[in-house]
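One structure is given here, and the rest of the page talks about it.
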Amino acid sequence: MIRNPELQRILDKLKALFFMLSNKERAILVALLVIAMMVPLLWAFQSIKQKEVDELRIKRQEFELLSEEYRNIKRVTDSFEKRGELTQSRALLEESHGLFESLGIKKKIKSIKGLGSREVKDGYLEESVQIGAENLTVNEIVNLFNRIDRAPMMLSVKSFSIKRSFEDPEHMHLNLNLALYVKK
């Protein structure tokens, strides 16, 4: 029993009103009470599910960013490996002659000296060559470095030095150490 007489009196009045209703009205009242109790439960369930959906959206966005980053790295790696495959059929001396010849400055080569090969990381072999060229303009040197950078094989400038010519200050002497990386 309820100890509060005021609350007890209210409950008694509600009970009396409930029994004064017809069976149909009682059923409707019970249904309304059940619905009134279910609404907060459904609202809580819906908010929990909404949070889960939001978390999944965030994870999906992160996954898409990672996927895009992976595709970019894969593209670079594939390009790098493709360059390695192209170099297996050509020698470094031939390629260095070809670079100078494509720019029309092959006659300016004064020396080409092979520096040998050595094994480097990840199963690659590094072949090095030292090239000396004279009477080059700045534009020719820039174009040469651009061709090396865009070569279809893995070429790398290990070191270089540029000195002005004593005879003509607008022309330069270039000493270039060039490396070719070939997959074993």
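Note that our numbering has the sequence shown beginning at 8, numbered continuously upward.
Ideal placement from N, C-alpha and C gives every residue a C-beta, glycine not left out.
Would you identify the three-state DSSP class for residue i, choosing helix, strand or coil?
i    : result
K190 : strand
F25  : helix
E13  : helix
R171 : strand
Compute the beta-carbon to beta-carbon distance between residue i and residue j, rounded to the nearest angstrom, for a pair I have assumed lies under 8 Å.
i    : j    : result
L106 : L72  : The pair is not a contact, with the Cβ atoms about 39 Å apart (cut-off 8 Å).
I169 : E147 : 11 Å between Cβ atoms; not a contact.
I119 : S103 : 6 Å
I155 : V164 : 6 Å
L7   : L28  : Residue 7 cannot be examined here, being either before or after the span of the chain that is shown, 8 to 191.
R33  : F25  : 7 Å
Going by Cα to Cα distance, which pick from the options is closest to residue i?
i    : options                : result
E134 : Y188, N30, M45, R10    : Y188
F173 : G130, L143, A186, M161 : L143
Y131 : I65, A23, K191         : K191
S124 : L99, V145, S118        : L99
D85  : A186, M161, E101       : M161
L122 : V145, S166, N79, V83   : S166
V145 : K56, K20, E177, A43    : E177
Shorter than 8 Å from the beta carbon of residue i to some beta carbon of chain C?
i    : result
Q137 : Here chain C cannot be found, since the structure has a single protein chain.
At 3 residues or longer, and completely inside the stretch 52-126: list those beta strand (DSSP E) runs for me, N to C. If you keep only unbroken beta strand (DSSP E) runs of at least 3 residues inside the stretch 52-126, you get nothing at all.
Does the contact criterion of 3 or more C-beta pairs under 8 Å hold for the stretch 175-185 versus the stretch 124-140? yes
Continuous alpha helix (DSSP H) assignments of at least 4 residues falling wholly in the stretch 129-186: Taken in chain order, the whole alpha helix (DSSP H) runs of length 4 or more contained in the stretch 129-186 are 145-156.
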